Structures are given as structure tokens and as C-alpha cells.
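Everything on this sheet refers to the single structure shown next.
Protein chains: 6
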Amino acid sequence: MRILIVNPNTTASMTEKAATAARAVAASGTEIIAATSRMGPVSIEGHYDGALAIPGLLAELKERQGLGYDAAVIACFDDTGLEAARTFANVPILGLCESAVVTAGFLAQRFTVVTTLERSRVLIDNLVRRYGMGDRAKVRASDIPVLELEDAGSGAIGKLRAEIERALLEDGAEAIVLGCAGMTDLARELQEIYGVPVVDGVAAAVKQAEALVSLGLSTSKRGSYASPLPKSFTGAMSGFSPVLKVG
Amino acid sequence: MRILIVNPNTTASMTEKAATAARAVAASGTEIIAATSRMGPVSIEGHYDGALAIPGLLAELKERQGLGYDAAVIACFDDTGLEAARTFANVPILGLCESAVVTAGFLAQRFTVVTTLERSRVLIDNLVRRYGMGDRAKVRASDIPVLELEDAGSGAIGKLRAEIERALLEDGAEAIVLGCAGMTDLARELQEIYGVPVVDGVAAAVKQAEALVSLGLSTSKRGSYASPLPKSFTGAMSGFSPVLKVG
Amino acid sequence: MRILIVNPNTTASMTEKAATAARAVAASGTEIIAATSRMGPVSIEGHYDGALAIPGLLAELKERQGLGYDAAVIACFDDTGLEAARTFANVPILGLCESAVVTAGFLAQRFTVVTTLERSRVLIDNLVRRYGMGDRAKVRASDIPVLELEDAGSGAIGKLRAEIERALLEDGAEAIVLGCAGMTDLARELQEIYGVPVVDGVAAAVKQAEALVSLGLSTSKRGSYASPLPKSFTGAMSGFSPVLKVG
Amino acid sequence: MRILIVNPNTTASMTEKAATAARAVAASGTEIIAATSRMGPVSIEGHYDGALAIPGLLAELKERQGLGYDAAVIACFDDTGLEAARTFANVPILGLCESAVVTAGFLAQRFTVVTTLERSRVLIDNLVRRYGMGDRAKVRASDIPVLELEDAGSGAIGKLRAEIERALLEDGAEAIVLGCAGMTDLARELQEIYGVPVVDGVAAAVKQAEALVSLGLSTSKRGSYASPLPKSFTGAMSGFSPVLKVG
Amino acid sequence: MRILIVNPNTTASMTEKAATAARAVAASGTEIIAATSRMGPVSIEGHYDGALAIPGLLAELKERQGLGYDAAVIACFDDTGLEAARTFANVPILGLCESAVVTAGFLAQRFTVVTTLERSRVLIDNLVRRYGMGDRAKVRASDIPVLELEDAGSGAIGKLRAEIERALLEDGAEAIVLGCAGMTDLARELQEIYGVPVVDGVAAAVKQAEALVSLGLSTSKRGSYASPLPKSFTGAMSGFSPVLKVG
Amino acid sequence: MRILIVNPNTTASMTEKAATAARAVAASGTEIIAATSRMGPVSIEGHYDGALAIPGLLAELKERQGLGYDAAVIACFDDTGLEAARTFANVPILGLCESAVVTAGFLAQRFTVVTTLERSRVLIDNLVRRYGMGDRAKVRASDIPVLELEDAGSGAIGKLRAEIERALLEDGAEAIVLGCAGMTDLARELQEIYGVPVVDGVAAAVKQAEALVSLGLSTSKRGSYASPLPKSFTGAMSGFSPVLKVG
């Protein structure tokens, strides 16, 4: 089984971190392939960055179709382009936020997602509500710019830990979800420190991808995830045009 | 006051139709400027088309910034790229779905949105729920490809009317919202035929834009719609990079 | 276009303030007519005052029907009698709370309504939920009796500002809605001070009224807002009886 | 214990029917006093009638205060004026809809309310949602004008039974709630015919009133049901003014 | 009328306390019979204790069927086994949580439930949401083990009072619900101290039981509460097998 | 990795079917151990059967603790005893309904669960809402007694297929979830017939169990799933008592 991890931002060190996290949990027969977007922002912080990361994401998904992959993971906690990717692909596509909150839901009745910036907090809170966890999960921002997570001396981990401690104290959180792909390397250690489940989205998504492939399940092609209709695309987007059926 | 209408698909005849509808309701002091996306799909039917229409939409919003506009309307009922556009712009940005369901909410306690294809129905239903109208509005698909609305002989209007009649009979609909920018020219006639309010998103959005500008209100720059952070964008997206602050 | 502003309490200075706010935002072709209720309480603070203000409100709406108005605004943030007025009238009727929260919804994903007394807070919170904004808006009371807003020396503005500051700090509010008609004159100044959109219900409702009239839309007469059935009314209410159909 | 039943419409035969239903279920020590509103509409069908029935309702509640009652029931399924009455009174006040749906909730997980006209259906559906039963209860209209329930030859019962049968067949209803005070005499017979619990609001409200009085519980005077503040009321409403405190 | 109070834990002093509370509010013609479970835990603190208390509860309900009772109350605030008991019995079955929150709902628009341990808080919060009160009621834990309520010197009452005070101050609670059967003797005194309604579940459930019996209403046997199907039960549960129908 | 599948009913052929389904999807390193409850009902149809199946379920979980298992699956679609089991165990515990609806949620935006009897439909609908899928999933009953699924000549499959067809036609279902452990052998075939994802709970739960174990995640022991407190259990339940701490 081959699982493609696509980092929808263009920062290769984050891709590497995600790939490492993915390989650490992958089953013995699973090969992890990692790709970094080649067009778009260096990090995804808010709606604007996210929207402009989607073409780069879809380009990676498309380019690797020939080589073959059995499922793909979008390595951003905002679930950037998740719905578009699901209509595009004929394999399962997983997002970090959906995978992580679902995983936490098996372990805890109430939990808290700790993300980076305030601008991402509401965006993720909207996702959490859409995934049906609005009554069970709170979302907190720890005021860390995404790329500070790549910089050991930035003080980011201290801010993250302080916010986790507030979640445990004030929210009655029974588990913690790390709300950014760049935190993937911290999950195990934080779980040991705090003694509650700490869920990382990259790892969670890889296991969901393996599960769906093993089950012979793929995205429904009926209704909202139906394959894109053949039509003309123009300009810089012309490469994304589904083939037009002819007579 | 200048309101920019951006059609996020590349079909100029739809832009023209939307501009006409906009001008028909614009206040005397309002100038309507219309723009058609120059990169992306010819019509937006589902998540894939929508995601790939966003860069074209943002490019139009950006290019016309120098010329000046006081508010902008995204002329697609899927509210394509609405959140990204709001973070980008320092003027009010309106979407058709949000404007239309809000408008219908002043007129009726229960109403039905009639859109085109099944793949758009669930997408719009998700929007309607996010806008808080899930308990009040039902969404129906009338099985009309978007571009058939541009073709008088396609039978599209018959299908649309049949679905409106089902909404009145089965849903207890007190008003109808037309769920596609391509239906904008039909609202008045359908309102006369059925004797209930029929709300068109283009017209509704223009009036909301005028209202916000008159009120001296613009998108909040605090929290989820904060301006994009300065950072590097790569490849085909490099033109979208917010300027990096220096020193 | 003529828009009738009815103050459902009997305090003429509040009517004057609302009319001034309305005129400040009205389009050039819009005439604002203001009316003060002649029966009912001097201010509306809670359910009791509100219920007993409705006949006075409806009387004003009725009396001015002959003179003609194209839409009406009920100048109380509790949306007093809004549903009854909508069944009565054959023109659009706007409430301040519904207009303001809808307007804020175009500008911010999360916002806070700051109202007067605790007894009004829950009432408005119920409205906010009914309008579908329960997940997005918080309601706060600032412990100001309504009529203190008419008294410059009352300290009311200090209390209001303190509560706005708490909303920004604790709620992550991206915009503020002023939750009382008596605060209408403060919106612009507070917006400048705090740098977030500050929405006033009177102004918002006037623009919604203008929008609906321009769009040729009026309250649905099908279903819950159907015109009152002809029947006999007794006692002090006899003047409100719809005409009985004969033969 | 004395329970006051106030019919907020002016039709004495409906009051009589409600009083009979109340007496049939009252405990041995409970005295039922019935009052008919003396100002307002002959029946309550929709928001307009309901709003204009409130002063008459409050007048009856007020006038009988001297004589004494331990709780009051508002004998209309729209829970007309319920919140205003609760702020007014220092005894428990019950509405039919709230009492009936709560009662049905002890007996069934899913149930259907069958009311009279379409215009009342949405109004009651809104109440049902506010009372937290939106996921469990469906509301249906049987197209019966309220006063037809007073006329044995009107065919009203046939329409009501047809709608109950649809509820059982199509909704999976486990119980039925009769959604109009005028149906109070039919509950027992319909329960025998259909073999599911049939809940009448008048009877349910009387038992809730008895329960609250026995428990020594009354409406909270903290927050949203706090007593009306002393202030001046004008015109036809002047009799409703709470006394102004004097220095 | 005979009402059976079953304490689903095995602590007889709690049964006694509940029976005393029940008798204090029972109508003159109501006989209270009390039973203590003879298999299961000494107190119910969380899901595990609750699940294992159900057979003991059902055994008591079953054994007393021959003697006759007209309704039963399950004397635990977790509504332990409520749904199972309702399918079993052909009389009304009441739970403390459902009865108490419904009762509070007639008295207050916002209220707080104060329970014992954190592990019970989320469990009760889930119940409160299921009963439709999620938007109106908050649940707090006061960190009191259940059996400390039986021990006057434990300091439990101090903790409970501190939590009630936080509810009044921070939640805007208009009423308090005591969230444990072991608190039943404290309601009256706390109501006097704090001047807001304080609802005890035992008392509330007794009155609901009386109400349903008086109304001739019993649990629906259609749908989710239908009587258990005749089938074989094995092992320690064999005594619970409904009789198998024979040819 | 060893995964324990516990069938909470006492029908060994259903256990066998579930174990076969589990082994068919288990990873190469996963050993499936199957256990059949030895006390309780032969099938679980509704709340009564479910509640009385929990001790038998917990007994199997307990007895096999010494032998060791890394996760357990409760092989009933009603998620019988899931919360109690989670407090008991220090390994992940999975239910079929939660696992299946979560799995379907990765594949489809709208889907339908098809279960057996009407009495189970509402029970499962309540679960689906609790798991946050109430807006996305509909539940249908196909009127099949559980044990008919064990009888090839019963016509059960015909009824099931008819209900799936209604779901596709009337609900706009994009995927189907099989709502009974006894349907586990039908998923693959039905998926081929209907061309939409068909999710079986047993298989889904096994993969979730594998995922959680691989991720080093287990049920939170903080808050609602905290380990049972040491206390005395009496009578037939005495074997379930957690050990009392001494000194």
C-alpha cells in the first residue's frame, strides 16, 4: 500500500517532519511517499493562504497519479482543499483535522484542539463544528506563527504547553489534539508529560488512510464528491481541466 | 459608489447577465463594474471547480484594486472563495448564497433554495447550515447543468419551475431562493407566477454591498478575516504573495 | 421611498435619536418618517414591557398606512412585535436585532452583542439563536438601564465601553453589535476607538429596508406571515380587528 | 390550591371546554377558576392574533391577583404571552405547548404535534425547537380553523384523524400531542382509537401547575423573568404600569 | 396511587432519604413505596457503576410488579437504566435528571445543574443535551463523592454551596438544579438562602409521576419503547427473559 | 497485536460471523480473538436487551484481561455498554456504530444507516446524533428481526436491499452503513451492486482498533472515562467490584 503525503505549503522541512511522523506509525506493508507543493505559500495561516494552496496541492495529487498511490493525506490541519481533492481522486483522501478529531472522539468525550494563531482558531472551530464535534471540542490558539515550530529556539513549545495546561485546567479537556502539522513531532512527549491522550493529525490520518484502503472503501462518487464534470479550464488553471467527452 | 461584480467562472455571458441584474437594482449613485475570471473553469459545478476558480477570482479582485471599488460581489451561488476574499480585501465582500438566504430570512420563516445539480445541492446545504438557516431552509436540486441556463431551448426553466412547485407543495416553502447566478434573470417572472417572494442572489448581494458601504462598515481585520500575513508564495501563485515587511 | 421608523416605547427623545441615525444613512431618495408609540411603556426592558408595547406599535403601523410607507423599522433591539407586524403589513418590516446580527455576519465570523440589562440579555440571546447566529455571537449585558442612555451624565458610556473591552479580550469578538436602539449615536465613535466594525441596529435596519424595497420584495403572505384572518376583536383591542368578509 | 385557567381568546365556549378538561384531571384539593379574556380576538390563529391577545390575558391575570390563585395556565397552544406573564406573576405560569411537549417527552422518544392551520404550524414548530424538542417532534397542520373545533358538524375531527394517521404512518410517531386548546375534549377518545399516548395541553398544564405549587417552586425572579421595573405606561396600556418606587 | 421509588444503588440510607423527600411532596392519595437495589454498586459515580446498576434496578421493578405500582421513579440523577425500564414497564417511569431539568425549564430560561464528581458532570451534560436543554443549562461538578453527602461532617455542603455561588455569579443562573439524589434534603434550605428556585430531582420526579398517572398517560409501546420481544436470556440474566410466545 | 471481539449477545453464530469479518480485514500482525457473552439475551433489539447485555459484555472483557488484548470491539451496532467498557478498560474500546459512521464520514457528506427493527432505529438515530452526524446521516429500519439475518431463507436480504434502494432514491445517500453486526457478511456484495461505499461496522471497528493501538493511544482516564472508583458491589454484580483501596 502506498500513501501519498502532500504538504500543501511549500516548506520542505515541514514535509519532512510529516513524512517522518507518517513513517513512524505506518504499518509494515505501507510505503509513505511525500510531496511538497511547488506553488503556493510557505505556510498556511488563515483562509487566504489556504485557498491559494489548493492548486499546488491538486497538482501534486495529479502528477503522482501515474506513479500510483492508494490513498492520500493532506498535511495541513486546516483540511485545505479536502473536498476538492475528494472529488478529484478515486482513492481515499484524508485531512488532518477530520482524522484527528475523529480519533480523539474514540478516546474522550470532551477534548481541546490547540492550534497556532487566532486567525486559524475560528477556521478550525468551523471545521470541528462541521465534523459534528462542536459540543465536545474546544479550539484554542497558542499564538505561535507556523514557521516558529520549525525553529527550536523560538519559544513555541513553551507557548504550546501553556495553552495545553489552560485546556486541562479550564476546559475539563480529557484529551488534546495538536492543531498544526508542524506539531507532529511533539505528540508522544506531550502525552507523557500530561498523562492524557495527545492526538497528532498526521499520524491519525495515515492510520485512517490505511484503514480505508484495507476495507476496500473509497470516496463516494455519488452526490457531493462526484467526479468533476468534463469542461474547459482557462489560463494558469488550464492544466486542471477534466477531459471533455467527445461525441 | 463602485461595486465590482466578479464572475469566478470564465463564461462572459454569465457575467453579462449578472451585471445586468446588478444594474437593474443598483441605487442611482452606484456604478457596477463587471469582471470575468481569466483563469479557471467555464462553470462552477461542485467543490473541484469551485476551488480552482479562487485564484482567478482573487486575481480580478487584486487587479482592480488600483482602479478602486468600494465593495465586491462574487457572482457564484457557492460563495466561492468568499472567506479568502474577505481576508484579502479592505472593502466589504459579498457572496450570493449568504446575501440571498439572509434576505429571504427577512421575508419568510421557512423557504427553499432551488439550485442546479445534485453535486451543488449538498455544498449549498452546508453553506445554508453555516449561515444559521439549517432549520429554516431546504435545498433542492433541479438537475440543470449550469450552462443550460444560458441556452433558452434547453428546457432548464421547465425543470426549475417543476422543482419550485414541489417546494411549495411539499416543503411548505414561504419563499424561494434561486440557487445559481445563472438564474438571475428569472426572479421577477417567477415571483409573479407563484405569488411568493423569489430572491435572486446577485440582486441581493448588490444591495447588501451598498448597505455596508453606506454604513461605513467593512470586513473586520481582527481574527479570522485578518489580512494575510506577509510571506513568500511560489510558482504560479507567486503573484498572490502579500508583501513581506522589511526592517 | 418612504421608510417609517416606529419607536415602540413612548419616549420621544429616543425616537428622535433613531430618526437622526436613520436619516444619516438613508439613501438620497429615501424619506424617513418617525413615529412614537402612544400607548405602552416609556422603555422596553424585558418581556413584560415588550409584550405591552406591541399594540402601540401596531397602532402606529396601522394609522400611517393611509399616508403610505414602503417599509417599516421597529426601533427596539428586542424586535418587539416583529412577527405580528409582518403578518399585518404588506410591506417589508425590519427589526434591529435581526438586521444588525445579519449585517455583522457579513463582516465577522465571531462577534458580540452588548446590550443594556441582564433581563434583556437572555431575551436577545434567544433572538440571536433563532436568527441562526448562536454559534457565532455572544450576548453581554452592561448593566445600563435604557433611559440612562438618554442622560449624558449617567456613566452609561463608561459601562458600555468596559463591556466592549471584555468582549474583545475574552470572547475573541471580531465585531461589536450595539444591542439597544438608544446606543445608535455611539456606533461611529466606538468603531474608531476600537478599530473593529461596530454595528448599530437602526442604521442596519434602514439599509435592509431600502434593499428589500429596491428589490421589489415584501413579506411572504404564504404560511407563517399570512395576513390576519378576518375575525372579531373585543374591548380595547377592537380597533385591531381585520375586516370580516361578508357574503 | 387554586389554579387560574385564562383563555386568551374571547370565546367563552372554549374557556368552558378548557375548564372542563382542567377539572377532569385536577387533584381533589385543587380548585379550577376559569377566565375568558375581555379584550382581543375571538380565536388565536397566527402571530397577529397572538400578540393582540396578550394585554387581555395579562388583564385577567392582574384582576384576579387580589382574589388569589396559586398558579395560572394560559389556555392557548401558542403559549401566547407566556414569557410576559412569567415576569408579571409571582406564581408559576404554564403554557399548553411547553407542558404538552414536555409531558410527551416522558412517554415517547419521537412524537408529532397536530395543530390547526398552516400559519400556526411554523409558530408552534419554533416553540418546539425553543423547548429543545426539535430533534424529537414534528409539527403538522390539519387545515382546521380553530372555531370549527367548536362546531360538531364541521368535519374538523375527520381532518384531525387523517393527520394523526399520517403522523403514525410517515413520521414514526410514538405519541401524539394535540396542538390546540380546542381539541382538549378529544384526547381520551383518540388515545383509545390509536393505542398511543395522546397528550392534551390543558390537562398537561394543570398537572404541571399542581406539581410546581406542591414543590414550593415558582418562577425565578432573577434574570430574564425578573419582575417588570417600575415605569410609566401610557394610553390604553396605562393600567399595566408597575408602580413607580418613590424615594 | 402507588409510586415506587427505586434506588439503583445499594445504599439504604440514600433510599430512605429519597423516600422521605418523596413523601414530603406526594399528594394526599399517593402512597410511596421505596426499594433499594440488591445487586450492584453502593453508589453510582460514572458510566461503569451506572451500567452495572441496571439489572438490580430492573429486578426491583419486576419483583414489585405483582404488588402493583402505578408509576416508578429511578432515584439516581444519571437516569440510570431509564430507557430500558421504560420498555419493560407498562406504567410511567421517571428519571431524576429529566424530571428536574424539565421542571426548572418552567421557572427559568437559564439554569445550572450542580452535581458531585467531574466524571458525572459530562455524563449529565450529555443527558441535558439529549433532553433539549443544552442551550439553556450548564452542568458543574462540586467535587463531592456521592457517599460524602451521607456524612454530615464531610464538608460536602460547603463545597456544594461554593459551586452554587459560582453558578449564580459566572453563569447568570436563574435557577439551580441539584444533580444528585443524595442532595434531596438540601433543596428547601438552599432555595431560602439563595432566593432562586432550587429543584430537587426526587421531588420533581414524584410530581411528574403523579401527573402522568392522573392524566391516564403511560409510556408509548410503539417504536423505541416497545415491550421487549420474547426471547431467551442466559446465565445470571436468565431471570430477565421476557416470556417466549408459544404457538 | 491482539484484538478482542466481544459479541454482547449470546448467539455464537453471530460471533463467528463477526470474527470472520474481522479476520478478513485485520492486518497481517493482528490476531483476532472472539468471545460470546455468556449471560444476557440471544439478540439485542432495543434498550431492554441492550442494558441487560452489558454485564455479560463486561464479564468477557474482564475475564480475558489476564490473557491480554490490546483493544476490544463490541460487536453490536447499538454500541451496547461502550461507555462503561471504556471506563473499565485501559485499552481502546470500539463500538460498531461510532466506527462505521465515522468511517462513512470520510467517504460521503450524506449517508444512510440501514438497520433492522423500528425499535432500534430511534436508538441508533440517537447515537448518530451524539456522534455529531445528525445533519449528515439518516437512519432507516428494514423491518428485519436480528436473528432472521442468520437464516438464509428468511427474505431478510430482500428487505434490506429494498430499504437501501429507498435510501439512494429518497435520501440522496452517497454511502450506506449497515446497521447491524449480523449484516457484516453482506457489505462487499452490496457495494458492488449499488456502486456506493457500503460500510460494515465490524470491519470498521477492527481497523479503528488497529489504528489506535499503532498510534499508542488509549482511552483517556481523565474525566468521563476515568477508571471506576473502588467500591463495594453486591449480589450477582459483586464480581464487578473494583478493588477497594486499603489504608
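Chains as they are written, first to last, in UniProt numbering: chain C, 1 to 247; chain H, 1 to 247; chain W, 1 to 247; chain V, 1 to 247; chain L, 1 to 247; chain Z, 1 to 247.
Beta carbons: idealized from backbone N, C-alpha and C, even for Gly.
These figures come from a predicted structure and were not determined experimentally.
> When the cut-off is 8 Å and only beta carbons count, does residue 247(W) lie next to chain L?
Replying inline: Summary for residue 247(W): the model assigns pLDDT 47, below 50, so the residue's position carries little reliability, and this model does not support an answer.
> How about residue 172(W): is its C-beta nearer than 8 Å to some C-beta of chain C?
Replying inline: Closer than 8 Å to some Cβ of chain C, the Cβ of residue 172(W) qualifies, so yes.
> Would DSSP call residue 17(C) helix, strand or coil?
Replying inline: Note: residue 17(C) maps to helix in three-state DSSP.
> Going along the segment 109-131 of chain Z in order, which residues come within less than 8 Å of chain H, judged by CB to CB distance?
Replying inline: Legend: CB atoms of the segment 109-131 of chain Z lying less than 8 Å from CB atoms of chain H belong to residues 109, 110.
> Comparing alpha-carbon positions, which option in 67(W), 54(W), 43(W) lies nearest residue 33(W)?
Replying inline: Selected option, being the one with the closest Cα: 67(W).
> So which residues on chain H does residue 249(C) lean against when the C-beta distance must stay under 7 Å?
Replying inline: Because residue 249(C) is not part of the residues shown, which for chain C are 1 to 247, the question remains open.
> Start and end of the alpha helix (DSSP H) containing residue 202(C)?
Replying inline: Counting along the chain, the alpha helix (DSSP H) containing residue 202(C) begins and ends at 201-214.
> Any idea what DSSP makes of residue 26(Z), helix, strand or coil?
Replying inline: Shown here, residue 26(Z) sits in coil according to DSSP, grouped into three states, outside any helix or strand.
>> So with CB distances below 8 Å, who are the chain V contacts of residue 52(W)?
In response: Within chain V, the residues 54, 55, 58, 84, 233, 237, 240 have their CB atoms less than 8 Å from the CB of residue 52(W), given in chain order.
> Within 10 angstroms of its Cβ, does residue 151(L) collect 16 or more other Cβ (buried), or is it exposed?
Replying inline: Exposed: under 16 other Cβ atoms inside 10 Å.
> Quick one: Cα of residue 56(C) to Cα of residue 172(W), how far?
Replying inline: Using only the alpha carbons, I get a separation of about 32 Å.
>> Is residue 225(Z) close to chain C? Criterion is C-beta to C-beta, closer than 8 Å.
In response: Chain C, which has a Cβ nearer than 8 Å to the Cβ of residue 225(Z), makes this yes.
> Which whole-angstrom value describes the C-beta separation of residue 119(Z) and residue 45(Z), a residue pair presumed to lie in contact below a C-beta threshold of 8 Å?
Replying inline: About 6 Å separates the Cβ atoms of residue 119(Z) and residue 45(Z), confirming a contact at the 8 Å cut-off.
> At which residues does the beta strand (DSSP E) containing residue 150(V) begin and terminate?
Replying inline: No residue range can be given for residue 150(V), since it is assigned to no beta strand (DSSP E) and is classified by DSSP as neither H nor E.
>> For a cutoff of 8 Å on Cβ pairs, would you count residue 101(V) as touching chain W?
In response: Chain W, which has no Cβ nearer than 8 Å to the Cβ of residue 101(V), makes this no.
> If you count every other CB in all the chains shown that lies within 10 Å of the CB of residue 83(W), and 16 or more means buried, which is it?
Replying inline: Counting Cβ neighbours within 10 Å, residue 83(W) comes out buried, since at least 16 surround it.
> Can at least three beta-carbon pairs, one atom from the segment 190-207 of chain Z and one from the segment 216-225 of chain C, be found at a separation below 8 Å?
Replying inline: Taking 8 Å as the limit for Cβ pairs, the verdict is that the segment 216-225 of chain C does touch the segment 190-207 of chain Z.
>> Let me check understanding here. Comparing Cα to Cα, which of 49(Z), 85(Z), 89(Z), 170(Z) lies closest to residue 237(L)?
In response: Answer by Cα proximity: 49(Z).
>> Do residue 94(V) and residue 106(L) count as a contact pair if the criterion is CB distance below 8 Å?
In response: Yes, the Cβ-Cβ distance between residue 106(L) and residue 94(V) is below 8 Å.
>> With H, G and I counted as helix, E and B as strand and the rest as coil, what does DSSP make of residue 188(W)?
In response: Helix.
>> Less than 8 Å between CB atoms is the rule here; does residue 203(W) satisfy it with respect to chain H?
In response: Contact with chain H is found for residue 203(W), since one of that chain's Cβ atoms lies less than 8 Å from the residue's Cβ.
>> Going by the DSSP bridge assignment, what does residue 11(C) pair with across the sheet?
In response: Answer is none; residue 11(C) lacks a bridge partner.
> Per DSSP, which one or two residues make a beta bridge with residue 115(V)?
Replying inline: Answer by DSSP bridge pairing, in chain order: 141(V).
>> Does any residue of chain V have a CB that is nearer than 8 Å to the CB of residue 185(H)?
In response: By this cut-off, residue 185(H) is not an interface position.
> residue 160(H) to residue 121(H), Cα distance in whole Å?
Replying inline: Looking at the two C-alpha atoms, the distance is approximately 14 Å.
> Under 7 Å from any heavy atom of the ligand HEM, does the C-beta of residue 96(Z) make it?
Replying inline: Inclusion of the ligand HEM in the displayed structure is not the case, the ligand content being empty and no account of it being possible.
>> To the nearest angstrom, how far is the alpha carbon of residue 149(H) from that of residue 156(H)?
In response: Taking the straight line from one Cα to the other gives about 6 Å.
>> Just to check my reading of the structure: residue 202(V) and residue 167(V) have Cβ atoms closer than 8 Å, yes? What is that Cβ distance to the nearest angstrom?
In response: With a beta-carbon spacing of about 20 Å, residue 202(V) and residue 167(V) fall beyond the 8 Å limit used to define contacts.
> If you compare alpha carbons, which of 12(Z), 4(Z), 165(Z), 1(Z) is closest to residue 234(L)?
Replying inline: Among 12(Z), 4(Z), 165(Z), 1(Z), the Cα nearest to that of residue 234(L) is on 12(Z).
> Where do the ends of the alpha helix (DSSP H) carrying residue 163(C) lie?
Replying inline: Here the alpha helix (DSSP H) through residue 163(C) covers 156-170.
> Alpha carbon to alpha carbon, how far is residue 247(L) from residue 181(Z)?
Replying inline: Low confidence applies to residue 247(L): its pLDDT is 47, below 50, so where it sits in the model is not reliable, and the reading given next is rough at best. Computed Cα separation, rounded: 29 Å.
> Which residues in chain L sit within 8 Å of residue 135(C), going by Cβ to Cβ distance?
Replying inline: In chain order, 129, 134 make up the part of chain L whose C-beta sits under 8 Å from the C-beta of residue 135(C).
> Taking residue 207(Z) as the reference, which of 59(Z), 189(Z), 72(Z), 192(Z) has the closest Cα?
Replying inline: Residue 207(Z) has its Cα closest to that of 72(Z), out of 59(Z), 189(Z), 72(Z), 192(Z).
> Name the DSSP beta bridge partners of residue 129(Z), please?
Replying inline: Answer is none; residue 129(Z) lacks a bridge partner.
>> Distance check for residue 226(H) and residue 164(L), CA to CA, integer angstroms please.
In response: Residue 164(L) and residue 226(H) have their C-alpha atoms roughly 40 Å apart.
>> For a quick check, are the C-beta atoms of residue 52(Z) and residue 41(Z) less than 8 Å apart?
In response: Contact: yes.
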